[in-house]
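The opening residue of the sequence shown carries number 1426 in my numbering; numbering runs sequentially from there.
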Amino acid sequence: MASLRSALLPFARVSLRTRHAQLPSLPPSLGLMRGYKSRGPARDPMTGEMIALPDIDPSLLKLEPTSSPKIRPPSSTLIFGRTFTDHMLTIRWSSNSGWQAPVIGPYRPLELDPSSTVLHYAFTAFEGMKAYRNEDGTVRLFRPDMNMARLNRSAARAALPTFDPKALETLIKKLVMLDSEWIPNEPGYSLYIRPTLIGTQNALGVGPNSDALLFVICSPVGPYYASGYKPVQLLATKKYVRAWPGGTGSHKLGVNYGPGIVPQSEAAKEGYSQNLWLFGEDDALTEVGTMNLFVAFKKPDGGVELATPPLGDLVLPGVTRDSVLALARGHIKGEKIPGLPDNLTVTERKVVMGELEEAEKNGTLSEVFGTGTAAVISVVDRIGYNGRDITIPTGPRGLGPIAESLLSRVTDIQTGKIEHEWSIVANDVRL
Ligand SMILES: Cc1ncc(COP(=O)(O)O)c(C=O)c1O
1426 MASLRSALLP FARVSLRTRH AQLPSLPPSL GLMRGYKSRG PARDPMTGEM
1476 IALPDIDPSL LKLEPTSSPK IRPPSSTLIF GRTFTDHMLT IRWSSNSGWQ
1526 APVIGPYRPL ELDPSSTVLH YAFTAFEGMK AYRNEDGTVR LFRPDMNMAR
1576 LNRSAARAAL PTFDPKALET LIKKLVMLDS EWIPNEPGYS LYIRPTLIGT
1626 QNALGVGPNS DALLFVICSP VGPYYASGYK PVQLLATKKY VRAWPGGTGS
1676 HKLGVNYGPG IVPQSEAAKE GYSQNLWLFG EDDALTEVGT MNLFVAFKKP
1726 DGGVELATPP LGDLVLPGVT RDSVLALARG HIKGEKIPGL PDNLTVTERK
1776 VVMGELEEAE KNGTLSEVFG TGTAAVISVV DRIGYNGRDI TIPTGPRGLG
1826 PIAESLLSRV TDIQTGKIEH EWSIVANDVR L
């Protein structure tokens, strides 16, 4: 009986998945956060009984501290994403057993079978988030709930398992606290955290993964603007498309990033640092490099409009984008941010290149900047489009008033200079 059962299992799983897809759907919040539930719990193929697969459980954590800590390099020598801390978190998943006990152990290479699906079909969903440490040792994460929700959303899109977001957030706090000495506490320094989820099924068939691995690694990073604010130059790109309706561009999947290198190299050859990704007949602006995009226009009534392309298939829902929008809208409602204009309006709407050309001509193009975890705000001073450059004023300090005030407000919240519900202290976790 046992051998018949194991012989049937792979087929049973496939047919059950199909059946679950037809069950009434769960509320969107559950569907987003707890994907295995939205597929419906697995059933025993012989008895048809529901089998509740275990979710990530921080109480099962196996802590295996390194016996040979690395020598930490001086902060001033750090290059983004090249240095890694002593430990990493790993959690394995299988469709039979669910999430297994999390392990925090020494940072080390992964061992993968050459047939692992991640190596062939790009089953990789990832996140980028940061921890900040004060001189008094307080360690803070910035809106980690948003990164957890986005990773779950990416996982669901890539047929990878989803998880309890609070449980992973707790484990990340533990990892960060274990390696907290690695977070430089000089101004502008932080710890970049990279949660990654990969498909590890050892089989070449293209289908849902029976096995996956979630791991989290951490890298101390220096200030983005170490030598003053440096505006970037963009090449408005029509030859390549980053995202398209029905595609995966609004998910943080590895598959979206590798193909961006050739366009970026071509832009670099023409003297631009990033691509400005356009979409459609009317050359709508979508994102800049791997950042969300904001444009400030002066209005005829003397006011200023801060516009950003709307979310949808073409735009990644950035945590910084959401924060900038919320802060700017808060300012309009009365939670004033010094430096932002009084008569500000904030819009999420389609912006096309023709509008930028027109605004440059009229003198109403006031600021363009990208937003993302790495730089928070990255100012643009030039956009190559149709063989000529559109010039954007950046002022003597290299960034306009809107970019400057939002950059300083976001970083003050991230570092705890301003108390805010977005800034989550990690020191309270027990190791
Ligand atoms: C394509 C893309 N757009 C925008 C962003 C900015 O997102 P966030 O503010 O969450 O870092 C990122 C970085 O994660 C990205 O990869």
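Ideal Cβ placement from N, Cα and C applies to all residues, glycine included. Note that the structure is a prediction, hence the values are computed from the model and not measured.
Residue i versus residue j: straight-line alpha-carbon distance, rounded
i	j	result
E1594	P1569	7 Å
Y1654	H1756	24 Å
R1507	S1644	7 Å
N1852	A1721	39 Å
P1735	T1840	29 Å
L1739	I1618	25 Å
R1807	E1773	22 Å
S1540	P1590	29 Å
S1500	Y1614	8 Å
T1565	G1672	Per the sequence shown, residue 1565 should be read as Arg rather than Thr. Those two C-alpha atoms are separated by around 34 Å.
A1584	N1700	29 Å
G1797	E1552	12 Å
V1543	G1624	5 Å
T1491	I1597	17 Å
K1930	H1512	Here the chain covers residues 1426 to 1856 and nothing more, so residue 1930 does not appear.
F1505	G1647	7 Å
F1640	L1535	10 Å
F1567	I1476	36 Å
L1485	W1518	14 Å
S1748	N1572	13 Å
A1692	L1832	26 Å
G1823	P1656	6 Å
E1844	G1759	18 Å
R1582	P1684	19 Å
L1503	K1694	27 Å
G1705	G1674	15 Å
D1636	W1847	34 Å
G1820	Q1689	26 Å
L1537	K1761	52 Å
Residue j beta carbon less than 8 Å from that of residue i
i	j	result
L1864	A1547	Nothing can be reported for residue 1864: it is not among the residues displayed for the chain, which extend from 1426 to 1856.
A1709	K1775	yes
T1515	L1622	no
G1809	Y1665	no
L1731	V1771	yes
T1715	L1703	no
A1592	P1483	yes
L1616	A1556	yes
L1600	K1677	no
M1471	L1856	no
G1825	N1768	no
I1642	F1509	yes
V1793	P1766	no
Y1649	A1800	yes
S1791	K1723	yes
L1750	R1834	no
Residue environment, residue i, which counts as buried when at least 16 other CB atoms sit within 10 Å
i	result
A1828	buried
R1578	buried
W1631	The question names Trp, yet the displayed sequence has Val at residue 1631. By the 10 Å Cβ count, V1631 comes out exposed.
A1651	exposed
H1545	exposed
T1745	buried
A1763	Position check: residue 1763 holds Pro in this sequence, whereas Ala was assumed. It is exposed - the Cβ of P1763 has fewer than 16 other Cβ atoms within 10 Å.
V1713	buried
T1836	buried
A1446	Below a pLDDT of 50, predicted positions are generally treated as unreliable, and A1446, at 27, falls in that range; the measurement from the model is reported next regardless. By the neighbour-count rule (16 or more Cβ atoms within 10 Å), A1446 is not buried but exposed.
N1634	buried
S1431	Note that S1431 scores 37 on pLDDT, short of 50, meaning its location in the model is unreliable; the coordinates nonetheless yield the value given after this. Answer is exposed; the Cβ neighbour count stays below 16.
E1780	buried
S1605	buried
P1737	Checking the sequence, you will find Gly at residue 1737 rather than Pro. The residue in question, G1737, is exposed, as its Cβ has fewer than 16 Cβ neighbours within 10 Å.
P1479	exposed
Contact with chain D by residue i, beta-carbon distance below 8 Å
i	result
D1538	Included in the structure is just one protein chain, with no chain D present.
Within the chosen definition, does the stretch 1553-1565 reach the stretch 1593-1613 through at least 3 CB pairs nearer than 8 Å? Contact between the stretch 1553-1565 and the stretch 1593-1613 is present, because at least three Cβ pairs lie under 8 Å.
Do the stretch 1527-1544 and the stretch 1657-1666 make contact, defined as three or more Cβ pairs closer than 8 Å? Proximity of the stretch 1527-1544 to the stretch 1657-1666 falls short of the contact definition, fewer than three beta-carbon pairs being nearer than 8 Å.
Cβ contact check for the stretch 1802-1821 and the stretch 1779-1793: 3 or more pairs under 8 Å: Contact holds: three or more Cβ-Cβ distances are below 8 Å.
Three or more C-beta pairs closer than 8 Å, one from the stretch 1791-1807 and one from the stretch 1516-1526: is that the case here? Verdict: no, contact absent.
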